[in-house]
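Enquirer: These protein sequence lines map, in sequence, to chains R and D. The first sequence begins at 11 in the working numbering and counts up one residue at a time. The second sequence begins at 11 in the working numbering and counts up one residue at a time. By construction, the Cβ of each residue, glycine as well, lies at the ideal position given by its N, Cα and C atoms. Fair warning: this is a prediction, and the values are worked out from it, not measured in the lab. Have a look at the structure that comes next, please.
Protein chains: 2
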Amino acid sequence: MMLIDDRKKLILKAIIDSYIDTAEPVGSRTIARKHGIGLSSATIRNEMSDLEERGFLEQPHTSSGRIPSDKGYRFYVDQLMSKKELTPREIQQIKEALKMRIGELGQLISQVSAVVSDITKYTSMAMTPQMNKSVLKSVQVLPVDFDKMLVIVITNAGVVKNSLVRAPVIPSPDSLQKLSSMLSLNLGGVMLDNINIDDLIQKMKTETNLDNETAICIANGISDCLCQVFASDVYLEGTSNIFNFPEFRSVPKAKQFFDILNTKKILCAMMRMSVENGGIKVRIGTENEIKEIKDYSVVTTTYVLNDQIMGSIGVIGPTRMEYAKVIASLNYIRKAISKELMQIMELGPGGPR
Amino acid sequence: MMLIDDRKKLILKAIIDSYIDTAEPVGSRTIARKHGIGLSSATIRNEMSDLEERGFLEQPHTSSGRIPSDKGYRFYVDQLMSKKELTPREIQQIKEALKMRIGELGQLISQVSAVVSDITKYTSMAMTPQMNKSVLKSVQVLPVDFDKMLVIVITNAGVVKNSLVRAPVIPSPDSLQKLSSMLSLNLGGVMLDNINIDDLIQKMKTETNLDNETAICIANGISDCLCQVFASDVYLEGTSNIFNFPEFRSVPKAKQFFDILNTKKILCAMMRMSVENGGIKVRIGTENEIKEIKDYSVVTTTYVLNDQIMGSIGVIGPTRMEYAKVIASLNYIRKAISKELMQIMELGPGGPR
DNA sequence: GATTAGCACTCGCTGTCAATGAGTGCTAAC
DNA sequence: GTTAGCACTCATTGACAGCGAGTGCTAATC
Numbered sequence: 011m012m013l014i015d016d017r018k019k020l021i022l023k024a025i026i027d028s029y030i031d032t033a034e035p036v037g038s039r040t041i042a043r044k045h046g047i048g049l050s051s052a053t054i055r056n057e058m059s060d061l062e063e064r065g066f067l068e069q070p071h072t073s074s075g076r077i078p079s080d081k082g083y084r085f086y087v088d089q090l091m092s093k094k095e096l097t098p099r100e101i102q103q104i105k106e107a108l109k110m111r112i113g114e115l116g117q118l119i120s121q122v123s124a125v126v127s128d129i130t131k132y133t134s135m136a137m138t139p140q141m142n143k144s145v146l147k148s149v150q151v152l153p154v155d156f157d158k159m160l161v162i163v164i165t166n167a168g169v170v171k172n173s174l175v176r177a178p179v180i181p182s183p184d185s186l187q188k189l190s191s192m193l194s195l196n197l198g199g200v201m202l203d204n205i206n207i208d209d210l211i212q213k214m215k216t217e218t219n220l221d222n223e224t225a226i227c228i229a230n231g232i233s234d235c236l237c238q239v240f241a242s243d244v245y246l247e248g249t250s251n252i253f254n255f256p257e258f259r260s261v262p263k264a265k266q267f268f269d270i271l272n273t274k275k276i277l278c279a280m281m282r283m284s285v286e287n288g289g290i291k292v293r294i295g296t297e298n299e300i301k302e303i304k305d306y307s308v309v310t311t312t313y314v315l316n317d318q319i320m321g322s323i324g325v326i327g328p329t330r331m332e333y334a335k336v337i338a339s340l341n342y343i344r345k346a347i348s349k350e351l352m353q354i355m356e357l358g359p360g361g362p363r
Numbered sequence: 011m012m013l014i015d016d017r018k019k020l021i022l023k024a025i026i027d028s029y030i031d032t033a034e035p036v037g038s039r040t041i042a043r044k045h046g047i048g049l050s051s052a053t054i055r056n057e058m059s060d061l062e063e064r065g066f067l068e069q070p071h072t073s074s075g076r077i078p079s080d081k082g083y084r085f086y087v088d089q090l091m092s093k094k095e096l097t098p099r100e101i102q103q104i105k106e107a108l109k110m111r112i113g114e115l116g117q118l119i120s121q122v123s124a125v126v127s128d129i130t131k132y133t134s135m136a137m138t139p140q141m142n143k144s145v146l147k148s149v150q151v152l153p154v155d156f157d158k159m160l161v162i163v164i165t166n167a168g169v170v171k172n173s174l175v176r177a178p179v180i181p182s183p184d185s186l187q188k189l190s191s192m193l194s195l196n197l198g199g200v201m202l203d204n205i206n207i208d209d210l211i212q213k214m215k216t217e218t219n220l221d222n223e224t225a226i227c228i229a230n231g232i233s234d235c236l237c238q239v240f241a242s243d244v245y246l247e248g249t250s251n252i253f254n255f256p257e258f259r260s261v262p263k264a265k266q267f268f269d270i271l272n273t274k275k276i277l278c279a280m281m282r283m284s285v286e287n288g289g290i291k292v293r294i295g296t297e298n299e300i301k302e303i304k305d306y307s308v309v310t311t312t313y314v315l316n317d318q319i320m321g322s323i324g325v326i327g328p329t330r331m332e333y334a335k336v337i338a339s340l341n342y343i344r345k346a347i348s349k350e351l352m353q354i355m356e357l358g359p360g361g362p363r
């Protein structure tokens, strides 16, 4: 029989709740005693045996209680667990973090990420997005010194990057201004991916009276700015939270976890595979495509601005995770950030050419 | 007798070398056998007893070998240890990290920091400096959008920060340019600490025809930029290295270490107390003023540009640290970074008013 | 027919105890 | 002054028994 009757569900939920709480294999007596289901341990035992047979539970060794399998957790997340609400205090915490309105996007995100790890007690990750689909808005070149200029690039998402470049000859402020207008005119509205630096150098030389070397310097500055936009930063918070969990009592386990956290590639991959749009993605143990984290659960979400993904934020922890709480937190934060972003900058339209 | 004869020195050095290598309390036989001093274990035993009495060694318990005390390490660092050179490979590694010439100072530093932790196998820290003694060079305000401006601040150390501000009315490009000139003229050469935002608002209103609200927005932008300059970032690399050391085999120990690393305040304090100028500072165990790290050793150095401290970089690890190697690395890196900085930007003079 | 009491069995965990061995301090001989 | 020798200390290890939480199975009960 494929269907799982209500009593089995109740018992499975009780087992997983208990295991999430204590990290101890759950025995039939515990369930019979604590959760007033009104059944004897023997009955529970039989049910547990069934649940194990169907793959929702596992037994670490013959004479111990059961622990949930990945499949068990999945079923729990999809159908069993009780939804959780954030406490007013937690909501307050999030709002305060957002209120700080820190200039740079990255800082805002890492702030929020810290709150997430504080609320959930897990390790949280946050990533700024891959911006290569966004669109350039304006380029400015300013004189700084007798031998230095500042190149500034602004994208339609409000991201500003700059690069200080040195050049043998610095054009007059006036001609730099003309150059800036020309660059903004030419590049404004172009998708970052489509910007060709070599073409740019050509154009600078033909459309202005820049000498070759200076043009190259400026182009390098622009290219450097674009690189900065492309680079997606990853922020980690609450890494030492894992020491609170008994499953990391052993040093090799802890080391393995930290090695994962220190491998940016893995982190990025985790975040990249975040949900397409909107919702919250829960990946439990072996559901993770990345083999290094097949013993962990990862919950991620993305926040958007004008339908453009502006980044993602998530939580990593043991498969025995308080999914209800984590999901509630991320859901709230997702909406809050998206709203906040919208408020910070109401952008004009201007899609890619 | 206060003086320590050469034989005692030899033995002490052998003991500390061995303990640094193995983390095992060192017995008299080990020293007699391995390091061809040509003395019997009994003799060594007597010497060790003396050294303990004088506070250079300690005994974890009655019938075990000796381990160095903080005082022992201090003596070792000051007088005993053999100087070490970096291998060509390591030098190569450092040069490559520097060669990447990453735009922002912070990124360069964190790169180098990563190499340090890689070479030394300890956890490395790097900090950008407190810049409030540096001097403002230029302020620029650019129009960005129908309701947004970009405020850019450049210091004499070549640090560039920007802030995107929204204002109800955006002055014409022309008047913004005039405003920029006026701001640069007024603030250029002023030490960041001495900039008073309220005065600035007044001046903006009297010297230009800005309305109150816009002036405040711009002043906020400048203030935000200054905050960014003041904020000294801390970078950590190689945190998971500590799992390689037997002294962190116990989870509480490891947790304690990570808690320290996650407390920015402690880190900053550690780095701040770096050496006044030039050299390398070694703080062993209880020599650390900060009680949380009295079980660790911290080695730090600073790198300079035009006699101005541009930041510090350091290593934290068990008191049983390979001081020779760490010092060699930091020394090399200190010089290399300072040289690199000088090369990147040869600054004009322009001291504080 | 489902539920439950009872029982034999499994197996990880804990505590005890003796053996081991690395190390010391001390004394007497070299 | 140096060293061989010896008695002593003490952390570590492994073996072993007892405990207890838990299971599966069977037979009695509702």
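Could you tell me which of D/K158, D/V125, D/F267, D/K335 sits nearest to D/L96, measuring between CA atoms?
Expert: D/K335
Enquirer: Whole alpha helix (DSSP H) runs in the region 211-276 of chain R with 4 or more residues, listed along the chain?
Expert: Runs found: 222-240, 261-271.
Enquirer: Please list the segments of the beta strand (DSSP E) lying wholly inside the region 86-147 of chain D, counting only runs of 3 or more residues, in order along the chain.
Expert: 133-137
Enquirer: Beta-carbon separation of D/V154 and R/I164 under 7 Å?
Expert: Yes, the Cβ-Cβ distance between D/V154 and R/I164 is below 7 Å.
Enquirer: If you compare alpha carbons, which of R/S182, R/D157, R/L277, R/N172 is closest to D/V161?
Expert: R/N172
Enquirer: Return the chain-ordered list of same chain residues with a C-beta closer than 6 Å to the C-beta of D/M11, the five sequence neighbours on each side being excluded.
Expert: Note that D/M11 scores 48 on pLDDT, short of 50, meaning its location in the model is unreliable; the coordinates nonetheless yield the value given after this. Within the same chain, D/M11 has no close Cβ partners at all.
Enquirer: Any idea if R/S339 is buried or exposed, counting beta-carbon neighbours within 10 angstroms, 16 or more meaning buried?
Expert: buried
Enquirer: Are the region 122-136 of chain D and the region 314-329 of chain D touching, with three or more C-beta to C-beta distances below 8 Å?
Expert: yes
Enquirer: Let's see if you can read the secondary structure: which residues bound the alpha helix (DSSP H) around R/K188?
Expert: 183-197
Enquirer: What is the rounded straight-line gap between the Cα of D/I47 and the Cα of D/T40?
Expert: 11 Å
Enquirer: Counting beta carbon pairs with one atom in the region 76-87 of chain D and one in the region 60-68 of chain D, are three or more of them shorter than 8 Å?
Expert: yes
Enquirer: In angstroms, rounded to a whole number, what distance separates the CA positions of R/P70 and R/I25?
Expert: 15 Å
Enquirer: List the residues of chain D that R/S250 touches, going by C-beta distances under 7 Å, in chain order.
Expert: K265, F268, D269, N272
Enquirer: Residue range of the beta strand (DSSP E) that D/T311 falls in?
Expert: 306-315
Enquirer: Taking 7 Å as the CB-CB cut-off, is R/P359 touching chain D?
Expert: Low confidence applies to R/P359: its pLDDT is 34, below 50, so where it sits in the model is not reliable enough to give any reading.
Enquirer: Using the beta-carbon of each residue, which ones in chain R are nearer than 7 Å to D/G168?
Expert: Result: L174.
Enquirer: Using a C-beta to C-beta distance shorter than 7 Å, which residues of chain R count as neighbours of D/S148?
Expert: V154
Enquirer: Taking Cβ-Cβ distances shorter than 7 Å, what residues in chain D pair up with R/V261?
Expert: F253, R259, V261, A264
Enquirer: Does the CB of D/I164 have a neighbour CB from chain R at under 7 Å?
Expert: yes
Enquirer: Between the alpha carbons of D/I226 and D/K265, how many angstroms are there, rounded?
Expert: Straight-line Cα distance between these residues: approximately 46 Å.
Enquirer: Can you tell which of R/D208, R/M159, R/Y342, R/D203 has the C-alpha that lies nearest to the C-alpha of R/Q187?
Expert: Residue R/M159 is the option with its Cα nearest to R/Q187.
Enquirer: Tell me whether D/N206 sits in a helix, a strand or coil according to DSSP, three-state version.
Expert: DSSP, reduced to helix, strand and coil, places D/N206 outside both helices and strands of the structure shown, so it counts as coil.
Enquirer: I'd like the span of the beta strand (DSSP E) that includes R/L20, first residue to last.
Expert: Looking at the DSSP string, R/L20 is not in any beta strand (DSSP E); the run it does join, the alpha helix (DSSP H), is 16-32.
Enquirer: Taking DSSP as the reference, what is the three-state secondary structure of D/T40?
Expert: helix
Enquirer: State the start and end residues of the unbroken beta strand (DSSP E) segment that holds R/M159.
Expert: Run containing R/M159: 158-165, per the beta strand (DSSP E) assignment.
Enquirer: Is the separation between the beta-carbon of D/N272 and that of R/S250 shorter than 7 Å?
Expert: yes
Enquirer: State buried or exposed for D/V179, treating a residue as buried only when at least 16 other CB atoms are found within 10 Å of its CB.
Expert: exposed
Enquirer: Answer yes or no: do D/S242 and D/M137 have a C-beta to C-beta separation smaller than 7 Å?
Expert: Yes, the Cβ-Cβ distance between D/S242 and D/M137 is below 7 Å.
Enquirer: For the candidate residues R/D31, R/S92, R/F258, whose alpha-carbon lies nearest to that of R/I77?
Expert: R/D31
Enquirer: Take R/V192 and list the residues in its own chain whose beta-carbon comes closer than 7 Å to its own, dropping the five residues that flank it on each side.
Expert: According to the sequence provided, residue 192 of chain R is Met. The question's Val does not apply to it. Within the same chain, R/M192 has close Cβ partners E217, T218.
Enquirer: What are the boundary residues of the beta strand (DSSP E) that D/L174 is part of?
Expert: 170-176
Enquirer: Once you ignore the five residues that flank D/K213 on each side, which residues in its own chain have a CB closer than 7 Å to its CB?
Expert: Taking D/K213 as the centre and dropping the five residues before and after it, the same chain places the C-beta of N196 closer than 7 Å to its C-beta, in chain order.
Enquirer: Could you pull the start and end residues of the beta strand (DSSP E) that R/R293 belongs to?
Expert: 290-294
Enquirer: Judging by CA-CA distance, which residue of R/S194, R/A124, R/D203, R/P139 is the nearest neighbour of R/A107?
Expert: R/A124
Enquirer: Taking only beta carbons into account, state which residues of the region 178-203 of chain D come closer than 7 Å to chain R, listed in chain order.
Expert: none
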